[in-house]
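Taking it in order: structure first as C-alpha cells, then the write-up.
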Amino acid sequence: ISRAPGLKLVVQTLLSSLRPIGHIVVICCTFFIIFGILGVQLFKGKFYYCEGPFTRNITTRQQCEEMSNHRWKNQQYNFDNLGQALLALFVLASRDGWVQIMYNGIDAVDIDMQPIRNHNEAKLIYFISFLLLVGFFVLNMFVGVVVENFHKCRAEQEREEKARRTAKRAKKIDRKRRRMREVPYYAHFSPWRRRLHDVCNSKYFDLIIAAVIGLNVVTMSLEFYLMPRMFDSALDYCNYVFTSVFIVESISKIIALGPFRYFKDKWNQLDTMIVVLSIGGIAMEKMKNGQVFPINPTLIRVMRVLRIARVLKLLKMAKGIRALLDTVIQALPQVGNLGLLFFLLFFIFAALGVELFGKLECSDQHPCLGLDKHAHFKDFGMAFLTLFRIATGDNWNGIMKDALRQDDSPHGAKGQFMTILAPIYFVIFVLMAQFVLVNVVVAVLMKKLDESNRMVADDAEIDEEIERQLEADAHERNYIEQQPLDDADLN
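Basically the working numbering = 1-based index in the sequence shown + 79.
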C-alpha cells in the first residue's frame, strides 16, 4: 500500500473517516436503539404464525399445535428482543426485503394469535418513519463524511504536487503562446482545400452530422421481430445512405486536415473504426446473400449490433458529455485501487463464508430462501460470486435467513453459534461493501469531475491571459512604430 500512492490515498481516506464515521455510527445506534425498543414493545411475541396445509380457520397457537402436520413457527426477522429487533431494523435500513417485514408487522394480532392480513395498518407509521429517518437520511450521511474526508486527503496530496502543477501550467502557457504566434497549419493549403477545411470545422457541418446520426438511431430503433421483407429492405437502404454520409465525412476530414493530423485525434480514430465496421458489415451481408462463401450468421448479427457505436459520434460534439467521459477515464486508476480493496474484502469474506456456511444444504425439511445452485458457499468461486450478489443488495436478507437456521445434521454449520456468527458476518460485509467502499467510489468520481471542471476553467483562463499578452505586445509595437524620431536618434 505504501508503494502505491493511489491505494495509499484510498486507505488514508478510510482511516481518516473512522472518527467522523464513528460519530455517524453513534447517531445511527441511537436511532436503532430507540426504534428497536419501540419495536419490542409493539411486536414482541407477535410475529409467530401457524405453518401447515390447513391454516385458514386457525386463530390461536393452541389450535395450531392440536392439529397434526402443523407447527407454531416464528418469523426469522422478529422483535422478540432488542438483538432480534436491531437485526430486523438493519435489514429494513438496507431496503432489501423490508416490505415483507413491514407486512408481518401489519398482520400481527397478539401473542399466541395467528396473524390476520392487514390487521392493523396504523403500524405502517413505525416502519415508514424508520425508513425516512434512518434509511434515507442518517445512513446517507456516510456519503458526505467519506466524500469530505477524501477531499481533505486529496488536498494534502495536492499541496505536494503544487510546484509540479505550477511548472506544468507555465509550460502549457508557453506552448500555447508559441502556437498562437505561429502561422496556421492550413495557411499553405490551396483555396479549395482551405474552403473544405472551413466547412469541416464549422458548427453547421457538425449539426448536419448530428442530425444524420439521430436519424440513424431512429431507423435502428425501428427494427422488430418478423419484419416485412419490404420494411427490412427499406431499413437496409437507409443504412447504406447513412454509411455513405459517414464515409464522405471521414474522407473530407482526411483531405482537409491531412492524414497525420486527422488520425492524431482519438475521436477521429473512433469515427474511422465505425466507418470500417459499417463497410465490413454491409460487405458480409452482401456476400452472404450472394452466397459467395459461407459466413457465420452470428458474425453478421455482431456487425449489426456494432452499428449502435455510431451513437458515440455524438459524444465528441457535446463538450459537457465529453467532460464527463474524460472524468470517468481519469478516475479509472483510483477506481482500480478501490477494485483492489474490493477484491481483498471479497477474498477474505469468501474464505470465511466457505468455512462457516459451506455445508448448508437446501432440502424439503430446510428450504432455502436465498441460497440455491447459483448462490452458495460450497466453494470459493461461488462464494465470491454470492458476495458480489450480496454487495449489490439482491436478496441478501434471504441468504442471511438461510445462514441463521440451525442445521440438525452432524455435518451442519456451527449449530446454535450460527445465530450469532451469521449476523456479524453479513452485517459487517454489507456495511463495508454497500455503505463504505461504494461511497469512496462516489468521492473519487466527484473529485475527478471537480478537477475536470477546474481544468476547463484553467484552459480558458490561460487562453485569455495569452490573448491579453499578445494584444499588449501588438499595442507596444504599434506605439514604438508611431513615435517620431528626434535629432539624437537620427544622429
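Just so you know, even glycine gets a beta-carbon here, dropped at the ideal spot from N, CA and C.
Coarse secondary structure for residue i, derived from DSSP in three states
i: residue 266; result: coil
i: residue 127; result: strand
i: residue 454; result: strand
i: residue 298; result: helix
i: residue 351; result: helix
i: residue 438; result: coil
i: residue 389; result: helix
i: residue 139; result: strand
i: residue 366; result: helix
i: residue 192; result: strand
i: residue 383; result: helix
i: residue 532; result: helix
i: residue 341; result: helix
i: residue 284; result: helix
i: residue 377; result: helix
i: residue 447; result: coil
i: residue 412; result: helix
i: residue 518; result: helix
i: residue 174; result: coil
i: residue 218; result: coil
i: residue 568; result: Per-residue confidence for residue 568 stands at a pLDDT of 49, beneath the threshold of 50, marking its modelled position as unreliable; no derived number is given.
Residue i classed as buried or exposed, judged by whether at least 16 other C-beta atoms fall within 10 angstroms
i: residue 94; result: exposed
i: residue 216; result: exposed
i: residue 309; result: exposed
i: residue 115; result: buried
i: residue 301; result: exposed
i: residue 173; result: buried
i: residue 475; result: buried
i: residue 346; result: exposed
i: residue 152; result: exposed
i: residue 163; result: buried
i: residue 363; result: buried
i: residue 322; result: buried
i: residue 136; result: exposed
i: residue 193; result: buried
i: residue 276; result: buried
i: residue 292; result: buried
i: residue 389; result: buried
i: residue 175; result: buried
i: residue 211; result: exposed
i: residue 462; result: buried
i: residue 109; result: exposed
i: residue 386; result: buried
i: residue 103; result: buried
i: residue 357; result: buried
i: residue 489; result: Confidence at residue 489 is low in this model, with a pLDDT of 45, below 50, so its placement is unreliable and the value that follows should be read with caution. Result: exposed.
Unbroken alpha helix (DSSP H) run spanning residue i, endpoints
i: residue 160; result: That residue, residue 160, is in no alpha helix (DSSP H); it is neither H nor E in DSSP.
i: residue 462; result: 459-470
i: residue 502; result: 497-509
i: residue 328; result: 308-336
i: residue 179; result: 177-186
i: residue 477; result: 475-483
i: residue 209; result: 203-209
Contact under 9 Å by Cβ, residue i with residue j
i: residue 306; j: residue 294; result: no
i: residue 452; j: residue 437; result: no
i: residue 392; j: residue 288; result: yes
i: residue 482; j: residue 459; result: no
i: residue 224; j: residue 107; result: no
i: residue 329; j: residue 351; result: yes
i: residue 199; j: residue 183; result: no
i: residue 360; j: residue 383; result: yes
i: residue 417; j: residue 516; result: yes
i: residue 133; j: residue 149; result: yes
Close Cβ partners of residue i (< 6 Å) along its chain, the five nearest in sequence each way excluded
i: residue 524; result: 410
i: residue 571; result: Look at the range of the chain in this structure, 80 to 570, and you will see that residue 571 is not part of it.
i: residue 512; result: 470
i: residue 428; result: 466, 508
Residue interval of the beta strand (DSSP E) (run including residue i)
i: residue 150; result: 150-153
Contacts around residue i, its chain only, beta-carbon distance under 8 Å, and the 5 residues preceding and following it disregarded
i: residue 98; result: none
i: residue 380; result: none
i: residue 324; result: 288, 291
i: residue 278; result: 284, 331, 335
Nonlocal neighbours in the same chain, by C-beta distance under 7 Å from residue i, ignoring five residues either side
i: residue 159; result: 123, 124
i: residue 450; result: 439, 441, 478, 481
i: residue 209; result: 114, 168, 171
i: residue 491; result: Because residue 491 sits at a pLDDT of 45, beneath the cut-off of 50, its placement in the model cannot be relied upon, and the point is left open.
i: residue 326; result: 354
i: residue 180; result: 156, 167, 170, 171
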